[in-house]
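**Q** Shown below is the structure under consideration.
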Amino acid sequence: MKDLIRIRDLTVRFYTYEGVVHAIDDLDLDIRQGETLGIVGETGSGKTMTALAILRLIPYPGKIESGSIVFCDKDSGAETELLKLREDRMRSIRGNKISMVFQEPGAALNPVYTIGDQISEVFLLHRRQELGCRARERVDNLLSDGGGLVAGLRRPFWRWQRRIYDKIAEEPQALEPRLLSHVPLFRRLLWRLPDEANLLTVDMLKDVEIPDPVRVAAQYPHQLSGGMKQRAVIAMALACSPELLMADEPTTSLDVTIQAQMLELFRRIKVDRGASVLFVTHNLGVAAEVCDRVAVMYAGRLCEVAGVEELFLHPSHPYTKALLDAVPMPGRELQTIPGALADALNPPPGCRFYPRCPSATPLCQQERPKLKMLAKDHMVACYLF
Amino acid sequence: MRDWRFTARLLVKNPLSLIGVALIVLFIIIAIFAPLIAPTPEGHRDPYVIPRDGYWATPEAPSAEHIFGTTQGQYDIFYGCIWGTRSAFRVALIVMGITICIGIVLGSLAGYFGGILDEVIMRITDIFLAFPWLILAMAITAVLGQGLRSVMIALVVVWWPSYARLIRGDILQLREEDYIEASRGLGASSARVIIRHVLPNAIYPTLIMASLDIGAVVLSAAALSFLGLGAPEGYADWGQMTQFARNWIVGPPGEPLRYWYAVFTPGLFILLFVLGWNLLGDAFRDIFDPRLARR
Amino acid sequence: MKTFVDIRGLKRYFPIVGGVFRRPVGMVKAVDGVNLAIKRGQWLGLVGESGCGKTTLAKTVVRLIKPTGGHIYFDVPDEVKAEIEALESAGKNSGKLSSLLKENDLGTFSGVRVRAFHRRAQLVHQDPFTSLDPRMKIKNIVAEPLRIHRVLSGRAVETAVEELLGRVGLSAGQLERYPHQFSGGQRQRIAIARALATKPEFIAFDEPTSALDVSVQAQILNLLKDLKKEFGLTYLYITHELLIAESVCDYIAVMYLGKVVEMGRPEEVFHTPRHPYSQSLVAATPVPDPKRRVGRILLPGEVPSPANPPPGCTFHPRCSRASKECHEVGPDLKLISNDHYVACFHPL
């Protein structure tokens, strides 16, 4: 399988009042085309930051210190270094080729716009050309339909519209339509664009299994339940058929039965649209459900990455094993991991897991273990191997 | 809760807030050392009465003897401004203090218990807020007679409704917090919950508003004094001194700014005092704004 | 075993006010007739999704909220309960009945008596980030119940606080700190220490680990196990995570839309669920085993709003086994096997 995203030596640091936090420390990770990669970790593991780094959305006071994230576009085959991209080029990637779904659906939706408006916004931003083509087609149909006095009166109007949409279809950022959109009365000429976008939106809502999509598109976020809101957010993210969909704990705030529906949806997305999914979660059960490959992170570093069955059958890194043991399973004593999560400000030297590791050796304290290939497609960063 | 060091550092980091802090510190020093800076002449009974160097009306320009000049009636402007700092602080702190106390009591009762009590208290505040504040203050001072005490009472009456409302609003919001519920769950009585949990958390926005308002209090007191309703004649109070200067704002034709010193200096003191508190209040607001994450 | 906390027909409705004059236009039936008998020393798990009323139930049992109907008997002898029942079914609204109720029914307590009750029963909140007063040092937070109930004073309070914090795994050197200086797991421990201060007999937990990481969760659960054994506590444990409920609880009650739909021992409820909703809950729970993916029952639709519950059995719109009877009448909890109750006309 070809790579879609290649992350190498990524380092992200946060410069806070209390000191420097190493959110991500020399991360190497690949996301392949058409796969669902899960990143599993607890607080401070850097999993959310990894997703944000790909989209260059790291909040202040964080900074991407070094490293490279290469995005291999499926269609054009071009490889772009995301970290060196100009901001406007980056914007054309966000929501378009790579999009993100966040944990709280209520927070991701603007309460003063309808769902339909918010999803249409994505189309208007990235698919202007296509919308222009469709609008042009519709006006062509009107013009060719012919007859009638009323139609005759409106013809010049339509011809004007056609000219404008033609311009947009050729060049989405053409000057004349853009200027026109700022002039109060003549703005009306461009009404077909949001209209077409709305049609696409309703299709999108149908796709994410929202019942009665036309009605829902006209509703406001507060009128929807949590599960529906999350579906709407997923619709927004999938609107432009991105090649990579990133989801940061999208089901954590949802009920178990709704979560089951949502995971089913994620599975279907991958199959229907051939998109890759980066699924960030702290729940190993969810990861087992929906991922093809799983990466385990601890304190900003990658511990282990393997295919999902391989990881759960043969967990190798002590942290992975401890995590699996800590999941409450009936009939078994709850195993805890001794100690506390690594201090973000003063992480232990060498292997970050060293203070809590049952199989630690003096070498672990001195130098950070590198990722080694344990078996086919199974990498571990541990001196035990 | 906020580390004092962190707060202090934030206060001096921002240049504007640094100016504010400097101004207030300067005024505090002036107020404390007033007897040293502008010593009361021998035999003068009340230090708050500005010493006079004669009785004629025309203000005299600044000279070696009177550094800032003299105002109408030959009251020494320098002495008046320095001791006026003490008056300003007195008025500001007393008015603010009492207002906050009344506001806390009524605001907490209204906010925490809600219901009829809330409605009644809010209607009372409505009544007070319906009057234009200056008219109300003037009316009260007129009834109570001249003097800084009447001014202070009038200002308290005019100001307390805003604070009661502010505190009530904060409490309404805090009432729903988990730790308040947890306290009640521990068996705490309402009084305990209010005093120990709600108020310490609600007080910060109030303090911010108070520091911004201190300037306004002094300005209002000055306004009332300017209208002749405040301190008695000759009292060391900035507003009082602007009242003296009322007749001398515009000088004789051909020399309109001849008596500039009579108006300028007291006005400058008022300006700087209010500015200092405003800047300080802004700085506090930025520091204590919970949305500005420290981490 | 004697029933320690006996909840009978508990109802808690929240009026929805609307219109200009704020008349009640409807009711949110958060808890709609719940019967639970918690025995002394039992760890009862209350399982359900959001909106099912489990938090409201816990807060009502601990009397943070006043019930709208039903009775809560906390450590009341059986004879008294029987007498009350007899008087009630006789229909007479006698003075004897009301005095008995005032004496024993937790729902009628108010003011001082409720506060005294809180020495014996406590609640630990869900979110450790908001359940501690951010402006109090943790030594005062934990000492507060001791001061309120005047159990100890002066130096004794400090010693007790140190002991409590030590018991939950925090060192004495952290007494002077503020909550924001601690992690989520540590804050939850502080909350637990606070709950233990007056040596209660009964503690209700509202999803105490849902805001915490997996490894911290395990630590807290083990702590709760130890404390329960050491102090002989009774727990009412609310959670939406079935895995936790199954591994630590002695008895399970499943709630849906304000009612208990199934009750029984964990092995039975989770391995052989008899109510369709329990079954779909169990099936929907992801486990860390990639092979266990197929054959899941996806429950259609969403949880209805408790302000507008469906008539009859509240689950019938989503139930694959619903019949005409389910549309009209709400089923009661019936005993179907050893200590296993189901509220369903067509149990699995």
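Chains as they are written, first to last, in the numbering used here: chain R, 1 to 385; chain V, 386 to 680; chain E, 681 to 1028.
Cβ coordinates follow ideal geometry from the N, Cα and C atoms, glycine included.
Here the structure is a predicted model, which means the values were calculated and not measured.
1. Could you check the C-alpha separation between V/Ser493 and V/Trp662 for me, to the nearest Å?
2. Taking the CB atoms as reference points, tell me whether R/Gly300 and R/Ile64 lie closer together than 7 Å.
3. V/Met386 by DSSP, collapsed to three states: which one?
4. According to DSSP, is E/Gly912 part of a helix, a strand, or is it coil?
5. So with CB distances below 7 Å, who are the chain E contacts of R/Gln261?
6. At the 7 Å Cβ level, is V/Arg679 part of the contact set with chain E, yes or no?
7. Going along chain R, which residues have a C-beta under 7 Å from E/Asp969?
8. Under 8 Å between beta-carbons, which chain R residues line up against E/Asp893? List them in chain order, please.
9. Three-state secondary structure (DSSP) at R/Asn283?
10. Might you give, ordered along the chain, the residues of its own chain that have their beta carbon closer than 7 Å to the beta carbon of E/Asp1012, omitting 5 neighbours on each side?
11. In chain order, which beta strand (DSSP E) runs of at least 3 residues are fully inside the stretch 486-561 of chain V?
12. Helix, strand or coil for R/Cys133, going by three-state DSSP, please let me know.
13. Can you list, in chain order, the residues of the stretch 559-583 of chain V whose Cβ is nearer than 9 Å to any Cβ on chain E?
14. Looking only at its own chain, which residues have a Cβ that is under 6 Å from the Cβ of V/Gln531, when we skip the five neighbours before and after it?
15. Checking contacts by CB at 7 Å: is E/Gln899 closer than that to chain R?
16. Indicate the three-state DSSP secondary structure (helix, strand or coil) for R/Pro369 in the structure shown.
17. Across which residues does DSSP place E/Pro966 in a beta bridge pair?
18. Considering E/Asp886, what are the terminal residues of the alpha helix (DSSP H) in which it resides?
19. In whole angstroms, what is the alpha-carbon distance linking E/Val962 and R/Ile269?
20. Please tell me whether E/Val708 and E/Ala987 are closer than 7 Å, where the distance is taken between their beta carbons.
21. Confirm, please, whether the CB-CB distance from R/Val139 to R/Trp160 is below 7 Å.
22. Runs of 3 residues minimum, wholly inside the stretch 50-109 of chain R: which ones carry the beta strand (DSSP E) assignment?
23. How about E/Pro880 and E/Ala823: do their beta carbons lie closer than 7 Å?
24. Quick check: what's the CA-CA separation for V/Arg560 versus R/Ser359?
25. Against chain V, with Cβ distances strictly below 7 Å, would E/Pro695 count as a contact?
26. Is any beta-carbon of chain R found at less than 7 Å from that of E/Ala852?
27. Compare the beta carbon distance of V/Ala567 and E/Ser811 with 7 Å and say whether it is the shorter of the two.
28. At the 7 Å Cβ level, is V/Pro585 part of the contact set with chain E, yes or no?
29. Look up V/Trp441 in the DSSP assignment and say whether it is helix, strand or coil.
30. With DSSP as the reference, label E/Ser790 as helix, strand or coil.
31. If we ignore side chains and look at the alpha-carbon of each, how far apart do E/Gly733 and R/Thr257 end up?
32. Within a Cβ cutoff of 7 Å, which residues of the same chain sit near E/Asp785, ignoring the five residues on either side of it in sequence?
33. Pull up the DSSP beta-bridge partners for R/Glu18, would you.
34. Using three-state DSSP, classify V/Gly405 as helix, strand or coil.
35. Along chain R, which residues have their Cβ under 7 Å away from the Cβ of E/Asn902?
36. Could you spell out where the beta strand (DSSP E) holding R/Tyr298 opens and where it closes?
**A** This is what the structure gives:
1. 26 Å
2. The answer is no: Cβ separation not under 7 Å.
3. Note that V/Met386 has pLDDT 42, beneath the 50 cutoff, so the model's placement of it is unreliable and the number below is only indicative. Reduced to three states, the DSSP call for V/Met386 is coil.
4. coil
5. Leu978
6. Note on V/Arg679: pLDDT 42, under 50, position unreliable in the model; the coordinate value appears next. V/Arg679 does not count as touching chain E.
7. Ala288, Phe312
8. Glu42, Thr43, His282, Leu341
9. For R/Asn283, the secondary structure class from DSSP, reduced to helix, strand or coil, is coil.
10. Ala1023
11. none
12. helix
13. Glu562, Asp563, Tyr564, Ile565, Glu566, Ala567, Ser568, Arg569, Gly570, Leu571, Gly572, Ala573, Ser574, Arg577, Arg581, His582
14. Pro617
15. yes
16. coil
17. According to DSSP, which records beta bridges pairwise, E/Pro966 is partnered with nothing at all.
18. Per DSSP, E/Asp886 belongs to no alpha helix (DSSP H); it is in the beta strand (DSSP E), 882-886.
19. 25 Å
20. By the CB criterion at 7 Å, E/Val708 and E/Ala987 fall inside the cutoff.
21. no
22. Every beta strand (DSSP E) stretch that sits fully inside the stretch 50-109 of chain R and reaches 3 residues is listed by chain position as 62-72, 79-81, 98-101.
23. no
24. 50 Å
25. no
26. no
27. Note that the C-beta distance between V/Ala567 and E/Ser811 is below 7 Å.
28. yes
29. coil
30. In the three-state DSSP reduction, E/Ser790 falls in the coil class, being neither helix nor strand.
31. 16 Å
32. His751, Ile752, Tyr753
33. Answer by DSSP bridge pairing: none, since R/Glu18 is not bridged.
34. helix
35. Leu334, Thr336
36. 293-298
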